[in-house]
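Mapping to numbering that gives the first Met the number 0: the sequence shown position 45 is 44, numbers consecutive. Ideal Cβ placement from N, Cα and C applies to all residues, glycine included.
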Amino acid sequence: MATAVRLLRRSLRGGESVLPMWKELDYFKEYAARLQSFREDDDAAAATLSEALYVVSMGTNDFLENYYAMAHAQAAEYSTAAAPRFLSASQNLVRLVANNTRSVDVGQPTPRSHPELLAEGEITPGITSDEYIFRRKKLLEVLPEKSLAIIASAEQQMMTDVVPYSFRQNGDYLYITGCAQPGGVAVLSEETGLCMFMPDTSKEDVVWQGQTAGVEAAENFFKADKAFPLSEMQKILPEMIERSKVVYHNVKTLSPSYKNLDSFRRASLNNKVKDIAYYTDELRWIKSKSEIGLMRESASIVSQSLLQTMLLSRTHREESQLAAKIEYECKMRGAQRMAFHPVVGGGANGSVIHYSRNDGRVKAGELLLMDVGCEYHGYLSDLTRTWPPCGRFSPAQEELYSLILETNKECIKLCKPGASINEIHNHSVKMLIKGFQELGILEKGKSIQYNYLNPTAIGHSLGMDIHDSVKLSKDKPLEPGVIITIEPGVYIPPVPILKENAPDRYRGIGIRIEDEVLITESGHEVLTASVPKEISHITTLMNMGSNSMMDAHELRAACS
0 MATAVRLLRR
10 SLRGGESVLP
20 MWKELDYFKE
30 YAARLQSFRE
40 DDDAAAATLS
50 EALYVVSMGT
60 NDFLENYYAM
70 AHAQAAEYST
80 AAAPRFLSAS
90 QNLVRLVANN
100 TRSVDVGQPT
110 PRSHPELLAE
120 GEITPGITSD
130 EYIFRRKKLL
140 EVLPEKSLAI
150 IASAEQQMMT
160 DVVPYSFRQN
170 GDYLYITGCA
180 QPGGVAVLSE
190 ETGLCMFMPD
200 TSKEDVVWQG
210 QTAGVEAAEN
220 FFKADKAFPL
230 SEMQKILPEM
240 IERSKVVYHN
250 VKTLSPSYKN
260 LDSFRRASLN
270 NKVKDIAYYT
280 DELRWIKSKS
290 EIGLMRESAS
300 IVSQSLLQTM
310 LLSRTHREES
320 QLAAKIEYEC
330 KMRGAQRMAF
340 HPVVGGGANG
350 SVIHYSRNDG
360 RVKAGELLLM
370 DVGCEYHGYL
380 SDLTRTWPPC
390 GRFSPAQEEL
400 YSLILETNKE
410 CIKLCKPGAS
420 INEIHNHSVK
430 MLIKGFQELG
440 ILEKGKSIQY
450 NYLNPTAIGH
460 SLGMDIHDSV
470 KLSKDKPLEP
480 GVIITIEPGV
490 YIPPVPILKE
500 NAPDRYRGIG
510 IRIEDEVLIT
520 ESGHEVLTAS
530 VPKEISHITT
540 LMNMGSNSMM
550 DAHELRAACS
């Protein structure tokens, strides 16, 4: 048996790099037991089986087509007693090993298909199956007794009749299931745990759209307690609705697949149907350690990308080009998509709060406002900077910018456990009203006109959505693990729109300075602190390298 034992050890060594959990699998105990049952003169049979397992351990998944033919041919050379035992030991055992080692396409990255993205045990990058299971249990704990939760995935939106938009999953569905694909419905109750209804996929669907997750993936990869094809939901869900006292569902993704069920309609008429958003928003309010890691990386990506875009703005002034630059830099650093359509507003366009056209050109002497964010494996960033691409603030621009900067810094100081977004907002309003009055933009005694200059709140919660946990009160005390934005601003259009009364020197100026802030036990951490916002730092950055002839020539041309 010496040869067989050596080959068994070789198989185990080969498996460690590809399948670390081999040592824990029951079928390995069966393998060892059957290997020991061979007689010493059956080393050849044991060797063949061991070699086959070694091939599997190295990730070769097409060996089954050749293995059984080889096994039958070689079994003829063994003793009559050895051959049947060899075939019996290998047939089921090797198929089981192959099934557990081959990379199965579940419609999204897995640890086996994308080991560079996911560690073993993770459902989405950075988030383990244990954390997803914990979230499900936590949701069931906070829901009233005998509640049923129905959370549908986002629907695929179409650009034309056959061309889809890039799909983004609904935050609640992704938070609970980890499934980043459209068409599914998740149902949770104390009685059943997580039950996932998965889309029915035809061979034609696979040809056109690729492989998607089905029932098997729901149970084995997403760790659902039960799973069924979506076509069976009309037979299974009504009984679950009838047994529940209250049905909570995601109003944002209300799906005809369950909306049109008679049992759901009756429950709705009897006031048994309610929005689940408050409960899921509460769960998503405080980020876990792994979520904070993902959001820190998302903030780092957009910060580095905006810095590169700021440098490019010295010589390239088309808003569309700068929008393309920020998206390129974010995706090259690992972001899957932008968190929202970038706001790239030059001059007066910066005074439009959610400016999205990005079809203008930044003129000499104008400010450029960019509000950008990216998505990193489901978690978003949000950052705004305003700067003069020519490297110099005009006196009027500097006066307004200094006020917004000071408000940003003072409000960040207030970010700590126990404070609230509303408290911070009220402080910002007092600071800005005082500053606007000193600059002659706002008349004393007419503070009600403040909203004409800045109709936005000081900030919002941030997470899997740009405005995360929106159902929660802005008076809710901040806690460690909460991430918010701080974004004071001023928006003065070139001509009066809302009766704002500003001197001409301030007309056509829009300024916003936005940072991401993580609440910690001792106070806060600014996740976007690496992007310059001090006037001296910005002017240094914008004039960096301008001593060279080429840079100086390009800068003069751009500023002319």
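Q. Is the stretch 405-424 close to the stretch 516-530, with three or more CB pairs under 8 Å?
A. yes
Q) Where does Trp207 land, buried or exposed, given buried means 16+ other C-beta within 10 angstroms? A) Start at 1 with the first residue of the sequence shown, and residue 207 comes out as number 208. Trp207 comes out exposed.
Q.
If I follow the unbroken alpha helix (DSSP H) through Ser128, where does it start and stop?
A. Taking the sequence shown and counting its residues from 1, one reaches residue 128 at position 129. In this chain, the alpha helix (DSSP H) harbouring Ser128 covers Ser128 to Val141.
Q: Leaving out five residues on either side along the sequence, give the residues of the same chain with a beta carbon under 6 Å from the beta carbon of Gln436.
A: For the purposes of this step, residue 436 is identified with residue 437 of the sequence shown, where counting begins at 1. Result list for Gln436: Lys443, in chain order.
Q. Taking just the CA atoms, how far does Val530 sit from Met541?
A. Within the sequence shown, numbered from 1, the residue matching residue 541 stands at position 542. Within the sequence shown, numbered from 1, the residue matching residue 530 stands at position 531. Linking Met541 to Val530 through their CA atoms gives a straight-line distance of about 13 Å.
Q: Use the C-beta contact count for Phe392: other C-beta atoms within 10 angstroms, 16 or more gives buried, fewer gives exposed.
A: Locating residue 392 in the sequence shown gives position 393, counting from the first residue. Phe392 is buried by the Cβ-count criterion.
Q: Run the CB neighbour count on Ser312, radius 10 Å, all protein chains shown included, and call it buried at 16 or more, exposed below.
A: Stepping through the sequence shown from its first residue, residue 312 is reached at position 313. So Ser312 ends up on the buried side.
Q: Out of Gln396, Ala217, Ile420 and Asp503, point me to the one whose CA is closest to Thr455's CA.
A: Position 456 of the sequence shown, counted from the first residue, corresponds to residue 455. The shortest C-alpha separation from Thr455 is found at Ile420.
Q) For Ala226, which of helix, strand or coil comes out of DSSP? A) Residue numbering aside, residue 226 sits at position 227 when the sequence shown is read from its first letter. Three-state result, Ala226: strand.
Q: If I'm right that Thr527 touches Leu382 with Cβ under 8 Å, what's the distance once you round it to whole angstroms?
A: The sequence position of residue 527 within the sequence shown is 528, counting from 1. The sequence position of residue 382 within the sequence shown is 383, counting from 1. That belief holds up - the Cβ atoms of Thr527 and Leu382 are roughly 5 Å apart, short of 8 Å.
Q) In terms of residue numbering, what span does the beta strand (DSSP E) encompassing Asp514 cover? A) Residue mapping note: residue 514 aligns to position 515 of the sequence shown, counting from 1. Its beta strand (DSSP E) spans residues Asp514 to Ile518.
Q.
Below 8 Å, how does it come out for the stretch 300-309 and the stretch 260-278: are there three or more Cβ pairs, yes or no?
A. no
Q) At least one CB of chain B closer than 8 Å to the CB of Glu121: is that the case? A) The question asks about chain B, but that chain is absent: this structure has only one protein chain.
Q.
Measuring only the C-alpha atoms, how far is Arg504 from Thr385?
A. Counting from 1 along the sequence shown, the entry for residue 504 is found at position 505. Counting from 1 along the sequence shown, the entry for residue 385 is found at position 386. One C-alpha to the other measures close to 18 Å.
(Q) Using a 10 Å radius around the Cβ and a threshold of 16 neighbouring Cβ atoms, would you call Lys498 buried or exposed? (A) On the sequence shown, position 499 is the one that residue 498 refers to. Label assigned to Lys498: exposed.
Q) What residues in its chain sit with their C-beta under 8 Å from that of Tyr257, if we drop five residues either side in the sequence? A) Walking along the sequence shown from the start, residue 257 turns up at place 258. Closer than 8 Å at the Cβ level, and outside the excluded window around Tyr257, lie Ile149, Ala151, Val184, Met232, Leu236, His248 and Phe263.
Q) So what does DSSP say about Arg360, is it helix, strand or coil? A) As a first step, residue 360 must be located in the sequence shown, where it is residue number 361. If DSSP states are grouped into helix, strand and coil, Arg360 belongs with the strands.
Q: Buried or exposed for Met543, please, with buried defined as at least 16 other CB atoms from any protein chain shown within 10 angstroms of its CB.
A: In the sequence shown, residue 543 corresponds to position 544, counting from 1. Looking at its Cβ environment, which holds fewer than 16 other Cβ atoms inside 10 Å, Met543 is exposed.
Q) Can Val246 and Lys225 be called in contact, C-beta distance under 8 Å? A) Indexing the sequence shown from 1 puts residue 246 at position 247. Indexing the sequence shown from 1 puts residue 225 at position 226. Against a cut-off of 8 Å, the Cβ pair of Lys225 and Val246 comes out as no contact.
Q: Under 7 Å Cβ to Cβ from Ala223, same chain only, skipping five residues before and after it: list those, please.
A: Taking the sequence shown and counting its residues from 1, one reaches residue 223 at position 224. Around Ala223: Leu193, Cys194, Met195 and Ala217.
Q. Helix, strand or coil: how does DSSP classify His426 here?
A. Counting from 1 along the sequence shown, the entry for residue 426 is found at position 427. The three-state secondary structure of His426, taken from DSSP, is helix.
(Q) Which complete alpha helix (DSSP H) runs does the stretch 163-188 hold, if anything under 4 residues is left out? (A) If only complete runs of 4 or more residues are kept, the stretch 163-188 shows the alpha helix (DSSP H) at 170-176, in order along the chain.
Q. Can you tell me where the alpha helix (DSSP H) with Val301 in it begins and where it stops?
A. Taking the first residue of the sequence shown as 1, we reach residue 301 at position 302. Judged by DSSP secondary structure, Val301 falls within the alpha helix (DSSP H) whose first and last residues are Lys288 to Leu311.
Q. Can you list, in chain order, the residues of its chain whose CB lies under 8 Å from that of Val494, leaving out five sequence neighbours each side?
A. Position 495 of the sequence shown, counted from the start, is the residue given in the question as residue 494. Excluding sequence neighbours, Val494 sits near Arg506.
Q. Between which two residues does the beta strand (DSSP E) carrying Asp370 extend?
A. To locate residue 370, count along the sequence shown from 1; it is residue 371. Taken as a continuous stretch (DSSP letters only), the beta strand (DSSP E) holding Asp370 covers Leu367 to Val371.
(Q) Please state whether the Cβ-Cβ distance between Glu486 and Glu524 is less than 8 Å. (A) One-based indexing of the sequence shown puts residue 486 at position 487. One-based indexing of the sequence shown puts residue 524 at position 525. No, the Cβ-Cβ distance between Glu486 and Glu524 is not below 8 Å.
Q: Find the nearest neighbour of Tyr490 within the set Gln396, Ser535 and His536, judged by alpha-carbon distance.
A: As a first step, residue 490 must be located in the sequence shown, where it is residue number 491. Residue Gln396 is the option with its Cα nearest to Tyr490.
Q.
Can you tell me whether Lys324 is helix, strand or coil according to DSSP?
A. Locating residue 324 in the sequence shown gives position 325, counting from the first residue. Three-state DSSP puts Lys324 in a helix.
Q: For Thr168, I'd like the list of residues in its chain whose CB is within less than 8 Å of its CB, leaving aside the five on either flank, ordered along the chain.
A: Here residue 168 refers to the residue found at position 169 when the sequence shown is read from its first residue. The displayed chain sequence assigns Gln, not Thr, to residue 168. Counting only Cβ-Cβ distances below 8 Å, and skipping sequence neighbours, we find Ser152, Ala153, Cys178, Ala179, Gln180, Pro181 and Gly377.
Q) What's the gap between the Cα of Lys119 and the Cα of Asp104? A) The residue given as residue 119 occupies position 120 in the sequence shown. The residue given as residue 104 occupies position 105 in the sequence shown. It is Glu, not Lys, that sits at residue 119 in the sequence shown. Looking at the two C-alpha atoms, the distance is approximately 16 Å.
Q. From this set, Ser297, Gln107, Pro124 and Ser243, which residue's C-alpha is nearest Gly209's C-alpha?
A. Your numbering for residue 209 matches position 210 in the sequence shown. Among Ser297, Gln107, Pro124 and Ser243, the Cα nearest to that of Gly209 is on Gln107.
**Q.** DSSP-derived helix/strand/coil call for Gly458
**A.** For the purposes of this step, residue 458 is taken as the residue at position 459 of the sequence shown. Residue state, collapsed to three classes: coil.
Q. Using the beta-carbon count (16 or more within 10 Å), is Phe286 buried or exposed?
A. Taking the first residue of the sequence shown as 1, we reach residue 286 at position 287. Looking at the sequence provided, one finds Lys at residue 286 rather than Phe. It is buried - the Cβ of Lys286 has at least 16 other Cβ atoms within 10 Å.
Q | Cβ pair count under 8 Å reaching 3, the stretch 399-411 against the stretch 323-341 | A | no
**Q.** N-terminal and C-terminal residue of the alpha helix (DSSP H) that Lys412 is part of
**A.** Here residue 412 refers to the residue found at position 413 when the sequence shown is read from its first residue. Element bounds for Lys412: Pro394 to Lys412.
Q) Can you name, in chain order, every residue of its own chain whose Cβ lies under 8 Å from the Cβ of Leu172, other than the five neighbours on each side? A) If you number the sequence shown from 1, residue 172 lands on position 173. The question names Leu, yet the displayed sequence has Tyr at residue 172. Closer than 8 Å at Cβ, skipping near neighbours: Ile150, Ala151, Ser152, Ala153, Cys178, Gly183, Ala185, Asn249 and Thr252.
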